[in-house]
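What follows is a single structure, written as structure tokens, with notes after it.
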Amino acid sequence: MRTVGIIGGGIIGATAAFYLTKQPDLQVTLFDSGRGQATKAASGIISPWLSKRRNKRWYSLAQSGAEFYEQLVHDADLDKSVYEQTGTIVTRKDAQAVDELYDLAKSRAKTTSAIGEVRKVSAAEITDLMPIVSCDESGIYVSGGAKINGEGLVEKLLFHAKNNGLKLVNEQVSLVNENTVRTKSDQFVFSNLVLSPGAFLKQLLEPLNYHVDIRPQKGQLVDMRISNQVTDEMPVMMPESENDIIPFKDGIVTIGATHENDEGFDLTPTNTEINNLLNSGTKFVTELKSAERLGVRIGTRGYTSDFAPFFGELTANMYVAGGLGSSGLTTGPIIGKLISDWISSQTPPADLDLLTKPVSNYIYSK
Ligand SMILES: Cc1cc2nc3c(=O)[nH]c(=O)nc-3n(C[C@H](O)[C@H](O)[C@H](O)COP(=O)(O)OP(=O)(O)OC[C@H]3O[C@@H](n4cnc5c(N)ncnc54)[C@H](O)[C@@H]3O)c2cc1C
């Protein structure tokens with residue numbers, strides 16, 4: 001029987017484990033320390049269509065990732081507490097910028113139905129859609145935008161995978177060579193390895209003498225609860241030059257997130273950044289002033305120097321993914337699925353070159 005070891009149980013590793021354990025001829029082990037996991041700290045916005053990023057591969061991957069959620073919701077039986085399409089509003093201060101964004105959304109709607117309805121919204125219409133918000137900006141609404149609970153998604157995927165025989169080891173591990181993993185007390189040899197350790201890829205590959213183009217970025221966000229408001233069905237709001245406002249159920253409103261490039265792998269909450277998040281959110285949702293603070297979530301994003309995610313084969317039988325940056329909830333599941341299919345069929349995805357640059361652009365022997 002072929003054996004697969006996965007290092008890293010965030011959104012990529014959990015999706016890969018979910019699909020790989022459906023294959024009866026594979027025995028799958030997932031190693032995850034949980035330290036600094038970006039997936040469980042993430043804001044949860046799935047809405048790549050209004051991004052002005054010019055990287056065509058990134059957009060193809062992100063669009064495929066947003067489309068793939070429909071299949072994942074079905075395959076993993078995800079309910080609304082994990083994934084819900086309630087739309088996204090992106091605002092601009094300037095009317096011409098709204099027109100440009102509208103044109104972009106309309107042109108992207110020609111290549112994907114996942115974006116849903118696209119329309120311009122006035123400040124009053126934004127308040128109709130989000131009664132907790134008052135603003136004087138207008139923007140674009142797309143009905144296909146979704147909210148995802150990253151932690152809930154990983155839990156659900158691993159629940160199914162364990163039922164299908166996944167062995168889960170909650171431990172920090174290291175690589176002995178290209179097919180051997182060392183835990184505190186043991187060593188495991190695998191037919192295939194999947195490296196999906198998020199921002200920690202450089203550290204993981206260090207013992208094998210690889211140069212890895214990944215740097216960490218700290219992200220903090222704050223979860224608040226507003227009383228007497230039904231927030232479940234409200235869209236996400238992404239105001240220009242401010243933090244995003246993500247309403248979840250039971251009055252929970254998340255404000256995020258920071259992008260801190262000089263903090264390494266630090267996971268300490270900092271008052272200045274949290275107050276900045278709250279001040280930003282309060283400009284649109286005044287009730288946040290008196291809302292209950294439920295907590296702060298902090299994770300580490302991994303970025304490549306060209307800000308692009310990548311995935312593929314590093315050596316024969318060793319697969320790697322990284323650099324998902326600030327859109328990994330969108331691109332992570334499709335990457336996990338494609339790696340799973342690649343291992344199962346032993347054939348790379350037909351459109352690989354349209355989705356990622358070669359791994360050798362980001363990782364090479366020293
Ligand atoms: C604050 C914040 C907000 C975000 N908001 C959004 C958003 O709204 N939309 C969006 O699309 N994306 C968002 N992102 C980005 C997204 O969360 C990440 O890109 C994505 O979750 C990365 O997934 P991953 O599986 O690559 O890594 P991770 O989720 O970081 O998982 C990697 C796992 O590997 C484990 N690991 C690492 N090394 C080892 C080792 N040696 N042994 C064992 N385990 C190891 C880690 O502990 C971790 O659990 C956000 C990120 C942050 C931090």
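Once you know that position 50 of the sequence shown is 50 in UniProt numbering, the rest is easy, because the numbers rise by one and skip nothing.
Ideal placement from N, C-alpha and C gives every residue a C-beta, glycine not left out.
Contact check, residue i vs residue j, beta carbons under 8 Å
i	j	result
residue 369	Y319	The first residue shown for the chain is 1 and the last is 366, placing residue 369 beyond what the model contains.
L166	L158	yes
K140	V118	Rather than Lys, the amino acid found at residue 140 in this sequence is Ile. Yes, the Cβ-Cβ distance between I140 and V118 is below 8 Å.
V230	V253	no
Q37	G323	no
T356	L26	no
A257	R57	no
R225	A321	no
L204	I7	yes
G10	G198	yes
L50	A95	no
P207	F265	no
T29	V194	no
E240	K93	yes
Beta-carbon contacts of residue i that lie in its chain and below 6 Å, excluding the five residues immediately before and after
i	result
S64	I334
S305	D213
residue 369	Not covered by the structure: residue 369. The range shown for the chain is 1 to 366.
M238	V90, D244
W342	P348
A42	G150, L329
K249	D232
R2	L26, S191
P247	T231, M234, V253
Anticipated Cβ contact below 8 Å, residue i with residue j, distance rounded
i	j	result
T91	E137	4 Å
A14	I46	With a Cβ gap of about 16 Å, A14 and I46 do not count as contacting.
V236	N149	Not a contact, Cβ separation roughly 13 Å.
G87	V154	In fact, because the Cβ distance is near 24 Å, the residues do not count as touching under 8 Å.
I115	G336	No, I115 and G336 are not in contact; Cβ-Cβ is about 23 Å, not under 8 Å.
N317	N163	At roughly 27 Å, the Cβ-Cβ gap does not stay under 8 Å, so N317 and N163 are not in contact.
residue 368	G5	Because the chain spans 1 through 366 in this model, residue 368 falls outside it and cannot be assessed.
S365	N209	6 Å
residue 369	E263	The structure shown does not extend to residue 369, since the chain is modelled only from 1 to 366, so the question has no answer here.
M234	L129	7 Å
Own chain, CB closer than 8 Å to residue i, minus 5 neighbours either side, in chain order
i	result
T122	Correcting the residue identity first, residue 122 is Ser in this sequence and not Thr. Within the same chain, S122 has close Cβ partners S138.
L78	L72, L153, K156
P48	Y59, A62, Q63, G65, A66, S327, T330
Ligand 2 heavy atom lying under 7 Å from the CB of residue i
i	result
S51	In terms of ligand content, the structure shown lacks ligand 2 and carries ligand 1 instead.
Same chain only: Cβ atoms within 7 Å of residue i, ignoring 5 sequence neighbours per side
i	result
S340	A16, Y19, L20
T274	In the sequence on display, residue 274 carries Ile and not Thr. The residues are Q220, V222, V296.
K120	V98, Y102, S138, I140
G281	N243, I245, I255, L288
residue 367	As shown, the chain starts at 1 and ends at 366. That puts residue 367 outside it, with no answer to give.
Q23	S344
T127	V133, S134
F68	P333, I334, K337
R293	V222, M224
N261	Q217
Exposure label - residue i; buried when at least 16 CB within 10 Å
i	result
S327	buried
S360	exposed
Q85	buried
D32	buried
K147	buried
L314	buried
K110	exposed
Q346	exposed
A124	exposed
Q187	exposed
F310	buried
R301	buried
residue 438	A question about residue 438 goes unanswered here, because the residues of the chain that appear run from 1 up to 366.
R35	exposed
T268	exposed
S196	buried
R54	exposed
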